[in-house]
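Numbering (my numbering), first residue to last: 813 to 1129.
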């Protein structure tokens, strides 16, 4: 009887060590191929690997490979608890997420930290058309997506500036100030076609240019450009036929003749882009107008050309 008891004890101990040994195997990392019971692996191959590798009801980001006739992959996860990685390329400022079982693109500034968005092309500050400086083109795209601002675009690289002195435009563009806002932007030179209006023109600065494009593409350091005073070589006095029939000849502060327009429809003042921006403009008459269109009205009311010298404020002389 004692001998039988000893035999039973030995068998129990031997069985314990077998189970214990299998328990150790279960906890090791490796490729599980042949026997998986209740999500526990009982047959391990290449157990000295860095990541769990598995098959069956498990999902992996990696491409499945063949080994000994079985499929395996690294970084495996239970497909019942962890969603698959989205494979849609959502572009800058968005990331792919599984929502209600579908792959969907979601606005996300966090996506800008991914390796695809960290290239030098996209990872530099820029000034957008809303005059906000964004850390990168991707960050602008994320904000544009989130706010549904489809018209938002990059004006130039670097932080937003008040004038053109510190704006670096591409070689095929020139930095100019928008007339009704005073904001710098990079104007594509090819947009100005000298063949459309090839005749001589006079600028409000008293300089004669060979055409409108030559005048428009000759800004000063701040980006200010002269306006069209009249067609032809510069003259010193108003005369008949110097201006178009719908224009009025007046004088500037420097006593130069300038043709201005005073016949505007009500729709122009209420809906035009020039009037929709309520950025105050300071004229060389020392008056701060509500906006650019207010200055245009002031020209007609005062019967003189008014040049914009500043925006949003008039410095006291």
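We treat Cβ as the ideally placed atom computed from N, Cα and C, and that holds for glycine. This structure is a prediction, so every number in the text was calculated from the model and none was measured.
How big is the Cα-Cα spacing for residue 1089 and residue 1009? 29 angstroms
So, at 7 angstroms on beta carbons, what are the nonlocal neighbours of residue 981 in its own chain, with the 5 sequence-adjacent residues on each side left out? 968, 987, 998
Length of the line joining the Cα atoms of residue 1000 and residue 1127: 32 angstroms
Does DSSP put residue 1032 in a helix, a strand or coil? coil
Shortest alpha-carbon distance to residue 1015 belongs to which of 1005, 1104, 1038, 1002? 1038
Quick one: grab the DSSP three-state call for residue 949. helix
Quick one: grab the DSSP three-state call for residue 1095. strand
With burial defined as no fewer than 16 other Cβ atoms inside 10 Å of the residue's Cβ, what is the status of residue 978: buried or exposed? exposed
Nearest to residue 1022 (by Cα), restricted to the options 1033, 1034, 1042: 1042
According to DSSP, is residue 1015 part of a helix, a strand, or is it coil? strand
Proximity of residue 1059 and residue 1046 at Cβ, strictly below 8 angstroms: no
Report the residue from 971, 1040, 1106 whose alpha carbon sits nearest the alpha carbon of residue 1017. 1040
Could you compute how far the alpha carbon of residue 1075 sits from the alpha carbon of residue 1108? 11 angstroms
Helix, strand or coil, according to DSSP, for residue 979 in the structure here? coil
Taking Cβ positions, are residue 919 and residue 954 nearer each other than 8 angstroms? yes
In the structure shown, what three-state DSSP assignment does residue 1020 receive? strand
With H, G and I counted as helix, E and B as strand and the rest as coil, what does DSSP make of residue 1055? coil
Unbroken beta strand (DSSP E) run spanning residue 989, endpoints: 985 to 989
Taking the Cβ atom as the reference point for each residue, do residue 1136 and residue 989 lie within a distance shorter than 8 angstroms? Because the chain here runs from 813 to 1129, residue 1136 falls outside it and cannot be looked at.
Might you give, ordered along the chain, the residues of its own chain that have their beta carbon closer than 8 angstroms to the beta carbon of residue 1063, omitting 5 neighbours on each side? 1050, 1069, 1070, 1116, 1117
Could you compute how far the alpha carbon of residue 921 sits from the alpha carbon of residue 950? 7 angstroms
Span of the alpha helix (DSSP H) around residue 1076: Taken as a continuous stretch (DSSP letters only), residue 1076 belongs to no alpha helix (DSSP H), as it is neither H nor E.
Over what stretch of residues does the beta strand (DSSP E) that includes residue 1200 continue unbroken? A question about residue 1200 goes unanswered here, because the residues of the chain that appear run from 813 up to 1129.
Expressed to the nearest angstrom, what Euclidean distance is found between the alpha-carbon atoms of residue 1122 and residue 1106? 14 angstroms
Do residue 1098 and residue 1110 have their CB atoms nearer than 8 angstroms? no
Given this structure, state the Cα-to-Cα distance separating residue 1057 from residue 1044, to the nearest angstrom. 16 angstroms
Mind checking whether residue 1065 and residue 1005 have CB atoms under 8 angstroms apart? no
For residue 966 and residue 938, which I take to be in contact (beta-carbon distance under 8 angstroms), what is that distance rounded to the nearest angstrom? 5 angstroms
Cβ shell of residue 936 (< 7 angstroms), same chain only, five flanking positions each side left out: 948, 969
Let's test the definition: count the other Cβ atoms within 10 Å of the Cβ of residue 914 and tell me whether it reaches 16, buried, or not, exposed. exposed
Report all residues from its chain with a CB closer than 6 angstroms to the CB of residue 1125; omit the five preceding and five following residues, and keep chain order. none
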